[in-house]
Every structure is written in structure tokens, then in C-alpha cells.
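Structure record follows, encoded as C-alpha cells.
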Amino acid sequence: MPWQPAGGEKTLLILVFALALGLRLIYLFQISHTPYFDDPLGDSKIYLDRALSILAGNLIGDEIYFHSSPPYPYFMALCLGLSGKSFFVLGLAQILIGAGNCLLIYFLAKKLSAGDKVAALIAGIAAALYGLFAFFDADLLMIFLTLVFADLALLLLLQAREVRARHAVPLPDEPYLRVFHSESVLAFLAGVSLGLAALDKTNLLLFAPVAAWWLLGEYSLRFRSWRFKPALLFAAGTALMILPVTVRNYVVGHDLVLVSSNAGVNLFIGNNPQGQGIFLLPPGSGLRNTDLYGTSVQVAEKETGRKLKPSEVSNFWAAKAKRFLREQPGAAGRQLGRKFVLLWNSYEIPNHINFYFVRSEYAPVLKWMFVGFGLVTPLALVSIGRRIKSGWNSADKLLLGFLLAYLLSLLPFFITERYRLPLVPVLIAFAAVLAAELLRLVRARKVKPLLALAAALIAAGVLVNWPLIHYNYSFIRVAIAAKSLEKAYRNPKAGVADLKQAIVEFKQALEVDPFSTDGHYNLGSAYSMVGYYSGAIREWEETLRIDPGIAEAQAALMDARQKFEQTGDLAKPEAIPLSRFEEAKAAEAKGQYDLALALYRDIIRKDPFHADACNNLGALYYHRRQYEQAVAVLRQGLKYRPDHFVLMNNLAGAYYQLGNQREAKKLWERCLQIQPESELILNQLKMVRE
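Just add 11 to the spot in the sequence shown (first one is 1) and you have the working numbering.
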């Protein structure tokens, strides 16, 4: 008899829910002290402003939606209104729903595995321990609800199939009785659920015809029998959720926009000559991340020479994308291939708050939640392959249809961790089925099939986890520090701590990315606020050196120069707070090498992209004749800053001391490409050539 977990199913469900909720509650407490918790960033700020507008009585709004997720501000308004605008209560409501979604994934795996409680329990626990789920459950975005609605739609569709199988008897002759037959109601509710999910991720609508066709195939193609009605009711339920938003858009803007008007600009971001398959605004496009909607309208109206409706702005950017696809099919094909590979890669590509940064800086509980895309996907892919080979059933067809439809709907745009997240619950279900089978094979000591599966899993794991891309923490540090700076501006007396924290964060961001114009500009603003005008002048000059077209920096620089001529610095350099890296360098300068080593190690542990910290730590190891440790840390730094001349030279020196002249020579030759006239490098190359 196949092994099953002890205890009733209610106990298992309580276990999954308690585990999920407990971990999410710890996470919520840990992020509740972050600068962005009650003063959100990016899209979250837009949704918060809309929620506050709803609470103020503006229920319908004034503009056609540019960003998706029109229902989410109403959810926010409800929670904030009932709690006296408590962001913790809002987060608590969200993590309760997110923990509930782990139960939906439990049932999804149970249906996929024909009632196997082992597979279901594995899926539920995997969902509870999936760090990115918890991360977005507490974030002020609709994605946590989208997952719930998408998973619920799949469960309702599968349940409708089971109801039909259990009631394979003649239906009543009266059509009006047939309409209320249970499988039809389930199909309708599945459509409603999918429609609600599509209000956030409109590309989910591509799954609607797949699901409708699946229902037709499951029930009948004999239209006179009324058995086609579940598919029609499913479609009706989906449309019923979308139509009110479309009507609302037309009423407020006199323009026909299905849900939101950002499809065109998103298509352009994903398909342009500089595209990399991720959310990256093309240089020279005129688009700015801080105001994507406003700049997309400005550019479109400037180029067309007339005022445009939101749908026309979307069409303008879509036309640019189509022109690129038509004129550069080779480049477009390569970008499509890159997007496909990135979609299946384990790295979680951010376009909001960086998951890895939050895990490192604010929420260590995310390290306990070790389940991620890199673990789930190899299991899921092998599981899918085995099920297709052995003969797939109806549930397989539906869930694979969902994966395929969503994949095809996402590839024309760009890949981010949030956009691919709706795939993960289905992948977890497939992965759990294989994990349960592996457990049974281990218990039965069946070595041969275990070895075959292990080989397949290793191959899939290598492909999925192959390092392809990474994001440093500079952008998110600047964004979070800007929030601290805003708080200090609003309340100068009480905001001293916020201002100091902002300065430190801006410095840390620039240590990793010295070409960040936002970092230099904002650090200049912080220096100006404390009266350190010479520092502000230096930062704004650097801002304009990188990008001479930033008008705000030009005006700020003139003002700072005038103040500096009048008063000099009101705050001296020694009064400016030091970053951890500056503290480490100061300790090293004083000969406190053990302290410097500890500080450098801590910096790299929290921010592995800090190449200068890697360089300085490597240099300390070098001077202590710990050459192997020097090589390890210097290689890490060079991985993220491959053009770092000093780091490259130090790594070559460490290799030389270890007797690896071949690697030393290769690195010094690369140094020479960066600085062809360097006598130091030329002399060192003579050593390895002699």
C-alpha cells in the first residue's frame, strides 16, 4: 500500500496554513521597520494614492488606468479604512490570504495526483516555504491576489470535471434546470476567478480560450445537448469581470481601453534594438522609470504633433515595437530566445523591490524559506516529461495548457520575477508529484529508476540554475534612501536620523555603481540639506558629467555654488556619516587590520556586488600572504566588475604568488587592454614572460 502521511486531512491543512502564516508573520514584523513599509515605492505608491483617493470619496477615479490592478486600490482602501490607515493591518490581511493560497496549491497537487496526500502535503509545504510568495504576500501589489484567483480558477475547472464524471447520468430535459447544474456553476465561477486574475495580469486572458476548449473537450461537442454551456458560462464569467473596467475607462476617458493602457509601452520595452529581455528603458527613448506614464505620453505626443488618447499612446509604442520586429528580425529572434531562457532561469529578476536585497538587509527569515524557482522547476520539468511520456490525463492537459498559454503571453514583453510568478503554483504541483514518487522509490529501494531520475534532475538543475544575470543593489538602495530623504525634508527636526541613513545608503549605492545619476543627484541633495555645500557641488558636477541633460542638477549646482561662496560649508566633512566601507578603510588606515577584515567580510556578506570591498579584502589577504583566500574574494569581485583595473591587477598578483603564471599573464594582458601605457603592468608582464 502506498505510504500516506499520518493524521486526517484537516490536520495536514492546519499544518500547512500555520507554517505559511507563521513565517509570513515573522517576515511582516521584520519589514515593518523599513523606510518603504508605510511610504511605498514605485507602483505601490500609485496604488496607495488611488486608495487614499477612494477613501476621500473619489470612487470611480478620473483617468483611464495606465497601470493594471484596478481592483487592488479598493482592497487597500477597505483595509486602511477599517484599520485607521494601519499598514501593518493591511499587510496582515494580505499574508492571511497568501497563507490561504498555500492550501489552494495543496489541493491543486492533490487533484493532479489523483488524490495523493503525500504529493499534496509536499506542495503545500513547498508553497509555505517559497520565499518569493511571502515576499509578495506582504508587498503592496496585487500579485498575491492574482495568484489566489488564478489557482482558484484552475481548481474550479478541475472540480467541474470531477462533478461531471460523478454525475454521468441523463440531465433534465428543461434547459433552465440545466443552467444551474453544478458543473456549469463551477465553470462560471472559474471564469469569474480568471477574470479577476486578469485584471492584474491581462495576459492571463490568453488562457481563457484554452480553458474553454478544454471544457468543450471534457463535456461534448454536441451543441444540441446543452453540454457546451460550461464553456460558454466560463467565458461569460471571465467577461463579466473585465467588462465593468472597460466601461469605466470609456466613461472617464472616452476611449476604448480593455483594462489598462500600458501594453504598448511594455511591448516596446521588450522589443527594441537595445532590449535585453528585461525591464530596461532604452537609452534615448525619452522614457523615465520614475514617470513611465507621463514620459510615454510626452514622447508620443511630441513625435506625432498632436494630443493623443491613452489607446493611441499605446498604439504609438506598439508600432515602434512592431517596426523593430519587422526591420530587425534577427535581433528580435535573439531577444525572444534570451527571454525564453531567462524565464526558465532560477534568478529572480526584479523590477520593483529586489528580493535578494530585502533578504540580505532586512528579512533574514527569507533565508529559512529556502524553496525557490531553482529547486521547484527542475523537479517540475522532469515530472512533466514523465507524465507526457506515460500518457497524460485531463488534469495534465489543463495545467500544461495554462503553462503554455501563460508562457506565450509573456514572451512578447519582458521577464521579471513578478510577471512569471503565476507559473509557479502549477510548477509546484508538478514538482510535488515527482517528489512524492521519489520518496516511494527510496522507501522501496528501487535503485535503477532513482538513478535515472537523479540524472534527469541534475541535468535540469544545471540548466535552470546556470548563472546568466544578476542585479546589484545600487538601484534599490537609491530608491529606499530617497524615501528617507523625503521624510527628512518633510520634518527636518525629527528627520535627522533619516537624513543620516539616507546619506549612508546613497554612499553605499555609489560604491557599487559609481555611474548612478540618481545616486549622485540625491546624495548632493542630502549634503545640501545639512549645509555641506562643497560635497553637494561635487556630487552634482558628477551627475552632470554622467548626464549633462539633467536640468534639476544644473539648477541645484548653481544654487549650491552661490551658497558656498556666501557662507562656505556649514557642515564639515568629518560631520558627515561614514558608510561601512569608509569605516573599514579608516580602520585599515589606522592599522586596525582585524577590524578592517571583519568589516569588509560583513559588507561582502550583505552585498556580494561590492567590488571595492572585495578588492580591499583581497589586498589584506595578499599582504598577510593568504593568497588562496585573496584569489577567492578577488575573483568574486571581478565576476561583478569585470573591468575593475585595480582588482584585476591584484588578482593577477595573487595568482603569480601561487605560481599560476598562466592566469596571472591572462589577467595582466586584460589590464593592458584597459590601460595600454601602464608601466606597472608592462613590467609585471615581463616577469611572467621571462
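Backbone N, C-alpha and C define an ideal beta-carbon position, used for all residues, glycine too.
Everything numeric in this text was worked out from a predicted model, so none of it was measured.
Quick one: what's got a C-beta closer than 8 Å to residue i's C-beta in the same chain, skipping five residues either side?
| i | result |
| --- | --- |
| Glu550 | His531, Tyr532, Leu534, Gly535 and Tyr538 |
| Gln346 | Gly281, Asn282, Gly286, Gln287 and Gly288 |
| Val276 | Leu298, Leu303, Ser307, Val324, Ser325 and Trp328 |
| Glu594 | Leu610 |
| Glu314 | Phe327 |
| Ala463 | none |
Report all residues from its chain with a CB closer than 7 Å to the CB of residue i; omit the five preceding and five following residues, and keep chain order.
| i | result |
| --- | --- |
| Phe98 | Phe48 and Asp49 |
| Pro687 | none |
| Val100 | Cys90 and Ser94 |
| Phe290 | Ile280, Asn362, Phe425 and Thr427 |
| Asp54 | His78, Leu152 and His363 |
| Asn300 | Leu292 |
| Gln640 | Tyr632 |
| Lys408 | Trp225 |
| Leu59 | Pro51, Met87 and Leu151 |
Could you tell me whether the Cβ atoms of residue i and residue j are closer together than 8 Å?
| i | j | result |
| --- | --- | --- |
| Leu571 | Ile587 | Reading off the sequence shown, one finds Ala at residue 571, where the question assumed Leu. Not in contact: Ala571 and Ile587 (Cβ atoms no closer than 8 Å). |
| Gly102 | Leu39 | yes |
| Asp162 | Asn112 | yes |
| Ile790 | Ala137 | Only positions 12 to 701 of the chain appear in this structure, which leaves residue 790 out of reach. |
| Ser357 | Gly402 | no |
| Phe413 | Leu165 | yes |
| Leu628 | Val642 | no |
| Pro284 | Gln339 | yes |
| Leu669 | Tyr638 | yes |
| Leu662 | Leu683 | no |
| Val453 | Leu461 | yes |
| Asn260 | Ile75 | yes |
| Ala342 | Trp328 | no |
| Tyr304 | Phe486 | no |
| Gly202 | Thr249 | yes |
| Ala443 | Ala130 | yes |
| Leu169 | Lys128 | no |
| Ala62 | Met87 | yes |
| Ala374 | Ile42 | yes |
| Ser204 | Leu227 | no |
| Leu631 | Leu608 | yes |
| Arg488 | Glu448 | no |
| Trp355 | Val475 | yes |
| Val541 | Leu510 | yes |
| Ala467 | Val393 | yes |
| Tyr604 | His481 | no |
| Leu200 | Val174 | no |
| Phe28 | Gln105 | no |
Give me the DSSP bridge partner(s) of residue i.
| i | result |
| --- | --- |
| Val382 | Tyr141 |
Return the chain-ordered list of same chain residues with a C-beta closer than 6 Å to the C-beta of residue i, the five sequence neighbours on each side being excluded.
| i | result |
| --- | --- |
| Tyr667 | Ala675 |
| Thr157 | Ala208, Asp211 and Lys212 |
| Ser195 | Lys240, Pro241 and Leu244 |
| Glu576 | none |
| Val382 | Ala137, Leu140 and Tyr141 |
| Val387 | Leu438, Ile439 and Ala442 |
| Leu410 | Val437 |
| His634 | none |
| Pro181 | Because the pLDDT at Pro181 is just 47, under 50, the model does not fix this residue reliably, and the value given afterwards should be weighed accordingly. Closer than 6 Å at the Cβ level, and outside the excluded window around Pro181, lies no residue. |
| Leu217 | Ala416 and Ser420 |
| Phe160 | Ser204, Leu207 and Ala208 |
Does the stretch 618 to 634 come close enough to the stretch 644 to 664 to have 3 or more Cβ pairs within less than 8 Å?
Contact check between the stretch 618 to 634 and the stretch 644 to 664: three or more CB pairs, one atom from each, fall below 8 Å, which counts as touching.
With a cut-off of 8 Å, do at least 3 Cβ pairs link the stretch 260 to 274 to the stretch 302 to 321?
yes
Tell me, please, whether the stretch 458 to 474 touches the stretch 335 to 351 by the rule of three or more beta-carbon pairs shorter than 8 Å.
The stretch 458 to 474 vs the stretch 335 to 351: no contact.
Within the chosen definition, does the stretch 141 to 159 reach the stretch 425 to 439 through at least 3 CB pairs nearer than 8 Å?
yes
Three or more C-beta pairs under 8 Å: does that hold for the stretch 491 to 498 against the stretch 50 to 62?
yes
Report the start-end ranges of each beta strand (DSSP E) in the stretch 427 to 486 that is 3 residues or longer and not cut off at the edges.
none
Is the stretch 115 to 125 in contact with the stretch 358 to 372, if contact means three or more CB pairs nearer than 8 Å?
No, because fewer than three Cβ pairs between the stretch 115 to 125 and the stretch 358 to 372 fall closer than 8 Å, the two stretches do not touch.
Of all the alpha helix (DSSP H) runs that stay within the bounds of the stretch 62 to 114, which reach a length of 4 or more residues?
83 to 94
Alpha helix (DSSP H) runs contained entirely in the stretch 614 to 691, provided each spans 4 or more residues
622 to 634, 638 to 651, 656 to 668 and 672 to 685
Unbroken stretches of the alpha helix (DSSP H), 4 residues or longer, contained in the stretch 126 to 175
128 to 139 and 142 to 148
Mind pulling the beta strand (DSSP E) runs of 3 or more residues that sit fully within the stretch 498 to 573?
If one requires a minimum length of 3 residues, no beta strand (DSSP E) run lies completely within the stretch 498 to 573.
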